[in-house]
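**Q**
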Amino acid sequence: MLFKSLISAAAFTAFASAKIFYAGVAESSGEFGVWSQDKVKGTGLPGRFGVDYSFIDKKGIDVYVDQNKVNLFRIAFLLERMCPLSYGLGAKFNETHFGYFKEAVDYVTKTKGAYCILDPHNYMRYNDPSQQPMTGSIIGDTSDATAATTAQFGAFWGELAGRFKDNEKVIFGLMNEPHDMKTSLVVQNNQAAIDAIRKAGAKQLILAPGNSWTGGHSWTEGSDPSTQLTQLKDSASNLAFDIHEYLDSDYSGTHAPCANGAAKLAGVTSWLKQNNYKAMITEFGGSNTTQCASMLTEFIKYMDSNDVYIGWTAWAAGPFWGSASACCTDSKQWGSLEPTSKAADGSPGLYQTVWLKVIQPLVPKQLVWSGISSVSGGKLSTKPKLT
Ligand SMILES: *[C@@H]1O[C@H](CO)[C@@H](O)[C@H](O)[C@H]1NC(C)=O
Ligand SMILES: *[C@@H]1O[C@H](CO)[C@@H](O)[C@H](O)[C@H]1NC(C)=O
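Numbered according to mature numbering (1 follows the signal peptide of the UniProt record, and there is no 0), the sequence shown spans residues -18 to -1, 1 to 369.
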C-alpha cells in the first residue's frame, strides 16, 4: 500500500519542482521619474505619486495571483524618496511616501496573500539618482564626504524592518545591484543592515546582494569576487543570496538575442552548494525570440533542479512601463510583463509573448502560501481561497 501510494503521489506531481517555494514577478515603477539628461541633482524628487512613479497596479497583481497563481512580487522604491535628502539616509522617513509604499505591500501580502520583497533600487548609492545606476555616492565610502554611512544604511533598514516585523509575508531585499565598489564594503553594508533588521525584532527572510550587479555568472570570478559574502552572519539564520542573471551577450538585459544560458550559473551554484547556502534569482529575462524561449525554459528548469534556488522573480512588470520594455529588446517598444502591456504598434507585449507563452507553464503548481518567509521555504500547496 505504501509503495503503491508513493507511486501514485509521484504520478500526480504535475511538474516536479520540489524546491522552488516562491515565484513571481518584479514590480518596477517606484524608482521611475528621476532621470536627468544633464545630471541635474534632485530631478524628480520627491516626485508625484501616480504621475512620475507608482508601485503596483492592483488589477495587474490580481491577474498574477488569481489567474497565474504566483506567490511572489518584488516592489522597487527609491531611497531618496523614502528618506529625502533633507533628512538624510536613516530612520526618518517621508511618511506620506512610506504610506503609498505600505499600501502596495499590504495589498500584495494581506489582500492577496502573496509574499513581497522590499527592494531599495539604489545600486548601494544614495543622494543622486539623476543618472542611476551610475550616479550617487556609494554608501559607506569614507573617501566621499557626501556619502551616507554604513551606520545610516543600518538605521534605515532597522526602521523599515521594524515597521514590517509583524507581516510574515515580507522579505527584506537589502539592496538592488551594488556595483563598482569594493566587495568588502558590500559585505560591511549588508552586515549592518542584517544586524539592524534583527535588532528591530524582524525575523523574516533577508536577501543579501553580491557585488558586480549581483550577477550570477561573475559571482566567483575576478579579483574581488562576491564569494567574500561567506563573511555574513545572521543571528536568525534566515538569510539567502540575491542573484540577477540576464541571458543576453553581456548579461545586461538590453539585447534581444539570447546568448548565455543556465550553464553560466555553474560557478555560483557550486559555491552555494559548498557553503550550504540558498539563493533567489530576483531578476532574469530574455526577449520573445524562439531561441530565448528555449533558453529561458532551460534557465527556469535549472533553478527547479538545483535545490540551492528557493525562488525567483522575472524582470519586470510594473504600472508605468506602457509600451516601453523592461528587458531585452534592443530598445524597441515591445511592452513589459505587466498584464495590460502591449507593444507600441499595438501587437502583443512581452506579458503575452514571454510570460504567458514561456514562463507561466513553468510556474510551480505548488508554492508556499502561509507562514513566515524563510530560507527553508514552507508548506507547499496550490493557492488557497482567501477567506
Ligand atoms: C514627502 O512626500 C510627499 C508626497 O510625495 C511630498 O509632497 C513631500 O514634499 C515629501 N517631503 C519631503 C521632505 O520630501
Ligand atoms: C516580439 O514582439 C514584438 C512586439 O509584439 C514583435 O514586433 C516582434 O516581431 C516579436 N518578435 C518575435 C521574434 O516574435
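Just so you know, even glycine gets a beta-carbon here, dropped at the ideal spot from N, CA and C.
Using a Cβ-Cβ cutoff of less than 7 Å, which residues in the same chain neighbour Gly136 once the five nearest sequence positions on both sides are dropped?
**A** On the sequence shown, position 154 is the one that residue 136 refers to. Answer for Gly136: Ala174, Ala175, Asp177 and Ala178, listed in chain order.
**Q** Helix, strand or coil for Asp327 per DSSP?
**A** As a first step, residue 327 must be located in the sequence shown, where it is residue number 345. Three-state result, Asp327: coil.
**Q** Measuring from each Cβ to the nearest heavy atom of ligand 2, keep the ones under 6 Å and list them in chain order.
**A** After applying the 6 Å Cβ criterion, the set is Asn270, Thr271, Trp316, Ala325, Ser329, Pro330 and Thr335.
**Q** Please say whether Asn172 and Ile121 have beta carbons closer to each other than 8 Å?
**A** Counted from its first residue, the sequence shown places residue 121 at position 139. Counted from its first residue, the sequence shown places residue 172 at position 190. No.
**Q** For Leu(-17), which residues of its own chain have a beta-carbon under 8 Å away from its beta-carbon, when the five flanking residues on both sides are left out?
**A** If you number the sequence shown from 1, residue -17 lands on position 2. Low confidence applies to Leu(-17): its pLDDT is 45, below 50, so where it sits in the model is not reliable enough to give any reading.
**Q** Looking at the structure shown, is Met64 part of a helix, part of a strand, or coil, going by DSSP?
**A** As a working note, residue 64 is residue 82 in the sequence shown. Reduced to three states, the DSSP call for Met64 is helix.
**Q** Starting from the C-beta of Ser(-11), find all residues in its chain whose C-beta is less than 8 Å away, skip the five residues before and the five after it, and write them out in chain order.
**A** The sequence position of residue -11 within the sequence shown is 8, counting from 1. In this prediction, Ser(-11) scores a pLDDT of 44, lower than 50, which makes its location untrustworthy; no coordinate-derived value is stated.
**Q** For a quick check, are the C-beta atoms of Met277 and Leu338 less than 8 Å apart?
**A** In the sequence shown, counting from the first residue as 1, residue 277 sits at position 295. In the sequence shown, counting from the first residue as 1, residue 338 sits at position 356. It is not a contact, given that the beta carbons lie outside the stated cut-off.
**Q** Say the cut is 7 Å; is the CB of His103 nearer than that to a heavy atom of ligand 1?
**A** Along the sequence shown, one-based indexing puts residue 103 at 121. Flag unset: Cβ of His103 not near ligand 1.
**Q** Does any CB atom of chain D fall closer than 8 Å to the CB of Lys215?
**A** No chain D is part of this structure, which consists of one protein chain only.
**Q** For Pro343, is the classification buried or exposed, using 16 other Cβ atoms within 10 angstroms of its Cβ as the cut-off for buried?
**A** Stepping through the sequence shown from its first residue, residue 343 is reached at position 361. Per the 10 Å Cβ criterion, exposed.
**Q** Is it a yes or a no for the region 23 to 35 touching the region 315 to 325, going by three-plus beta-carbon pairs under 8 Å?
**A** Output reads no: the region 315 to 325 does not touch the region 23 to 35.
**Q** Determine, using beta-carbon pairs with one atom in the region 283 to 299 and one in the region 16 to 31, whether at least three such pairs fall under 8 Å.
**A** No, the region 283 to 299 does not touch the region 16 to 31.
**Q** Can you list, in chain order, the residues of its chain with a C-beta nearer than 8 Å to that of Glu320? Leave out the 5 residues immediately preceding and following it.
**A** Translated into positions along the sequence shown, residue 320 becomes position 338. Asp39, Gly42, Ala299, Gly300, Pro301, Trp303, Gly331 and Tyr333.
**Q** Going by C-alpha distance, which of Lys246, Phe266 and Gly249 is nearest Glu227?
**A** Residue 227 sits at position 245 when you count from the first residue of the sequence shown. The option with the nearest alpha carbon to Glu227 is Phe266.
**Q** Do the region 150 to 158 and the region 354 to 366 meet, that is, are 3 or more Cβ pairs less than 8 Å apart?
**A** With a cut-off of 8 Å, the region 354 to 366 and the region 150 to 158 count as touching, because enough Cβ pairs lie within range.
**Q** Do you know how far the Cα of Lys181 is from the Cα of Ala244?
**A** Locating residue 244 in the sequence shown gives position 262, where the first residue counts as 1. Locating residue 181 in the sequence shown gives position 199, where the first residue counts as 1. If you take the alpha carbons of Ala244 and Lys181, they lie about 37 Å apart.
**Q** Could you tell me whether any non-hydrogen atom of ligand 1 is closer than 7 Å to the CB of Ser68?
**A** What you label residue 68 is simply residue 86 of the sequence shown in a count that begins at 1. Yes, the Cβ of Ser68 comes within 7 Å of a heavy atom of ligand 1.
**Q** According to DSSP, residue 370 sits in a beta bridge with which residue or residues?
**A** Residue 370 is absent from the model: the chain starts at -18 and stops at 369.
**Q** Among Ser329, Ser208, Gly293 and Ser68, which one has its Cα closest to the Cα of residue 377?
**A** Outside the shown range of the chain, which is -18 to 369, sits residue 377, and nothing can be said about it.
**Q** Less than 8 Å separating the beta-carbons of Phe59 and Gly12?
**A** Counting from 1 along the sequence shown, the entry for residue 59 is found at position 77. Counting from 1 along the sequence shown, the entry for residue 12 is found at position 30. Yes.
**Q** Please classify Gly359 as buried or exposed, where buried requires at least 16 other C-beta atoms within 10 Å of its C-beta.
**A** Position 377 of the sequence shown, counting from 1, holds the residue named residue 359. It is buried - the Cβ of Gly359 has at least 16 other Cβ atoms within 10 Å.
**Q** To the nearest whole angstrom, what separates the beta carbons of Tyr82 and Met262, a pair I think is in contact under 8 Å?
**A** Along the sequence shown, read from residue 1 onward, the residue named residue 82 stands at position 100. Along the sequence shown, read from residue 1 onward, the residue named residue 262 stands at position 280. Actually they are not in contact, since the Cβ atoms of Tyr82 and Met262 sit about 25 Å apart, beyond 8 Å.
**Q** Is it the case that the region 41 to 55 contacts the region 140 to 149, given that we only count it when at least three CB pairs across the two stretches are under 8 Å?
**A** No, because fewer than three Cβ pairs between the region 140 to 149 and the region 41 to 55 fall closer than 8 Å, the two stretches do not touch.
**Q** Determine the extent of the beta strand (DSSP E) in which residue 374 is found, giving its start and end residues.
**A** Given a span of -18 to 369 for the chain in the structure shown, any question on residue 374 remains unanswerable.
**Q** By the DSSP assignment, the beta strand (DSSP E) with Phe146 in it spans what residues?
**A** Within the sequence shown, residue 146 is the residue found at index 164, counting from 1. Careful: Phe146 lies outside any beta strand (DSSP E) and carries neither H nor E.
**Q** Looking at the secondary structure, which residues open and close the alpha helix (DSSP H) in which Asp177 lies?
**A** Residue mapping note: residue 177 aligns to position 195 of the sequence shown, counting from 1. Per DSSP, Asp177 belongs to the alpha helix (DSSP H) from Thr165 to Lys181.
**Q** Let's test the definition: count the other Cβ atoms within 10 Å of the Cβ of residue 370 and tell me whether it reaches 16, buried, or not, exposed.
**A** This structure cannot speak to residue 370, because the chain is shown only from -18 to 369.
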